[in-house]
Amino acid sequence: APTVGVLALQGNVAEHLDALQACGADARPVRRPAELDAVDGLVLPGGESTTLSKLLVAFDLLEPLRARLAAGLPAFGSCAGMILLAREAIDARPDQHQLGALDVVVRRNAFGRQVQSFETDLTVTGVRGGPVRGVFIRAPWVESVGRGVDVLARIPSSTGGPASGKVVAVRQGPVMATAFHPEQTGDARLHDLFVARVRESVAAAR
Ligand code: GLN
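Below is the structure:
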């Protein structure tokens with residue numbers, strides 16, 4: 006089984022570990038550089054991106070993680086994890102570090118006050134068997150994507166308002182990210198997609 010880590014500095018670590026395990030991965034928390042070295046893929050959970058950025062530095066993980074991502078480590082970021090993976094984050098603290106593994110610009114806390122948290126059904130490219138329930142918690146959205154980035158999901162246009170049609174799931178090579186929290190629903194189809202990607206990457210490296 007591929008070894009898949011969950012960055013365990015903050016956020017919903019246990020839920021991600023359970024979902025990955027259910028998809029047949031050997032799932033492990035990652036807090037130290039040596040633990041990062043041992044994984045074939047990494048989930049970056051939601052939480053608070055400014056805090057996560059500081060904790061990455063404090064735990065000596067920022068540069069090792071950048072190096073592994075640059076070398077093609079499969080990664081899956083949710084919410085704050087998406088913000089960290091992005092090339093640029095609008096409305097982030099100026100000292101917040103970006104991992105730059107996704108050629109996207111995200112807008113932090115994009116949905117605004119009135120809809121800080123909400124749920125909606127999403128059609129996600131590559132996920133079969135009907136819509137995915139998107140749980141959004143003070144979520145970002147993707148403001149723009151570079152070439153080489155696939156859009157996997159958007160807020161339905163029937164929603165109306167400024168969020169309508171906004172990009173909320175993307176993929177670029179081995180890196181994927183969702184503005185919502187797939188670990189909150191008991192539906193492991195997105196984790197399954199990611200674990201499949203990790204398996205491909207492990208097979209290609211043999
Ligand atoms: N609003 C948070 C941030 O900016 C993200 C929220 C989340 O991960 N649920 O980092």
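Heads up: the sequence shown begins at 6 in the UniProt record's numbering, then just goes up one per residue. For glycine and all other residues, C-beta sits at the position ideal for the given N, C-alpha and C.
Counting only the same chain and skipping the five closest in sequence on each side, list residues whose C-beta sits under 6 angstroms from that of residue i.
i    : result
E20  : E188
N17  : P50 and E188
A193 : A24, A27 and C28
S162 : S169 and G170
For residue i, which residues in the same chain have their Cβ closer than 8 angstroms to its Cβ, ignoring the five residues on either side in sequence?
i    : result
F116 : F123, F141, R143, A144, W146 and A168
What I want to know is whether the C-beta of residue i ends up closer than 6 angstroms to one or more non-hydrogen atoms of the ligand GLN.
i           : result
A210        : no
S122        : no
R143        : yes
G51         : yes
N114        : yes
A85         : yes
residue 215 : Lying outside 6 to 211, the shown extent of the chain, residue 215 is not represented and no answer is given.
S54         : yes
I160        : no
Suppose contacts are defined by Cβ-Cβ distances below 7 angstroms. Is residue i in contact with residue j by that definition?
i    : j    : result
Q177 : G153 : yes
T55  : Q101 : yes
A80  : L47  : yes
H196 : S83  : no
Throw me the rounded Cβ distance for the residue i and residue j pair, which I believe falls under 8 angstroms.
i    : j    : result
L66  : L89  : Actually they do not touch by this definition, with Cβ atoms about 11 angstroms apart.
L127 : A182 : About 14 angstroms separates the two Cβ atoms, so there is no contact after all.
L57  : L14  : 6 angstroms
Measure from the alpha carbon of residue i to the alpha carbon of each residue in the options, then state which is nearest.
i    : options             : result
R33  : L57, P7 and E53     : P7
K171 : T190, R202 and V156 : V156
So, for residue i: in the same chain, excluding its five sequence neighbours on each side, which residues have a beta-carbon less than 7 angstroms away from its beta-carbon?
i   : result
R73 : L41
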